[in-house]
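Trainee: Please find one structure pasted underneath; my questions will follow.
Number of protein chains: 2
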Amino acid sequence: MTKDQLTEADRAEALPELLAAGWTMAEDRDALQRRFAFKDFRAAFGWMTQVALLAEKFNHHPEWSNTYNRVEITLTSHDVGGLSQRDVTFARKIDAIATGK
Amino acid sequence: MTKDQLTEADRAEALPELLAAGWTMAEDRDALQRRFAFKDFRAAFGWMTQVALLAEKFNHHPEWSNTYNRVEITLTSHDVGGLSQRDVTFARKIDAIATGK
């Protein structure tokens, strides 16, 4: 197990807060997903750009899709085959950007 | 029919060039799709940003998804229920950006 793979204890501590915030567990793999809706494309892509800069800074990248004002994002850590602490941290940062914090 | 919906003559004129360039017709609807691969996330998102600026300028937006260096893009015109001249123009511009022209 790599050092940042989520243990059961990590999951019990971190996931309830994210699930309460609107994240869901992917059905087919160990990943977190969330859908966001913005005012329009400009707002959606502006948010994506902020997330992209974070992703590049931390070298941890999302899987995501966008149609006009909607974005669906999936977080997982390919190198550990599932969720890691990086995904938890990234999810919290993504929420913070979305809510302007 | 709205004024920019593609006629059969338009399709015969415009689509062969796009299909030869790497675009495909979607299986389930009247839309053009293409997959691009870049060096890395930075290159992929840089290209997406250029496409997003074009999209906003012309008020015609793609459906797209990104995973690291890969982008899948779908073009269709929701207001005409299928392909329009805007999609053909947009596809050509997208190709031009991808190849640095």
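Which chain is which? The protein sequence lines are A and B, in order.
Here the first sequence is numbered in UniProt numbering, starting from 1 and rising by one per residue.
Here the second sequence is numbered in UniProt numbering, starting from 1 and rising by one per residue.
Note that CB positions come from ideal geometry on N, CA and C, so glycine has one too.
(1) With a threshold of 9 Å between beta-carbons, can Met1 (chain B) be considered close to chain A, or not?
(2) In the structure shown, what three-state DSSP assignment does Leu6 (chain B) receive?
(3) Cβ of Glu63 (chain A) less than 9 Å from any chain D Cβ?
(4) Can you name the start and end residues of the alpha helix (DSSP H) that Ala26 (chain A) belongs to?
(5) Between the stretch 78 to 98 of chain B and chain A, which residues of the former have a C-beta closer than 8 Å to a C-beta of the latter?
(6) When the Cα of Lys39 (chain A) is compared with those of A:Leu32, A:Trp47 and A:Gln33, which residue comes out closest?
(7) At the 9 Å Cβ level, is Phe58 (chain B) part of the contact set with chain A, yes or no?
(8) If contact means a Cβ-Cβ distance below 7 Å, which residues of the stretch 21 to 55 of chain A contact chain B?
Mentor: Reading off the structure:
(1) If you number the second sequence from 1, residue 1 (chain B) lands on position 1. At Met1 (chain B), the pLDDT of 49 sits below 50, so the modelled position is not reliable; the number obtained from the coordinates is stated separately. Output row for Met1 (chain B): interface = no.
(2) Translated into the one-based positions of the second sequence, residue 6 (chain B) becomes position 6. Leu6 (chain B): coil per DSSP, three-state reduction.
(3) The structure shown contains no chain D; the protein chains it does contain are A and B.
(4) Residue mapping note: residue 26 (chain A) aligns to position 26 of the first sequence, counting from 1. Segment: none, Ala26 (chain A) is in no alpha helix (DSSP H) and carries neither H nor E.
(5) The residues in question: there are none.
(6) On the first sequence, position 39 is the one that residue 39 (chain A) refers to. If we check each option's Cα against that of Lys39 (chain A), A:Trp47 comes out closest.
(7) Position 58 of the second sequence, counted from the first residue, corresponds to residue 58 (chain B). No, Phe58 (chain B) does not count as interfacial toward chain A.
(8) Phe41, Arg42, Phe45, Thr49, Ala52 and Ala55
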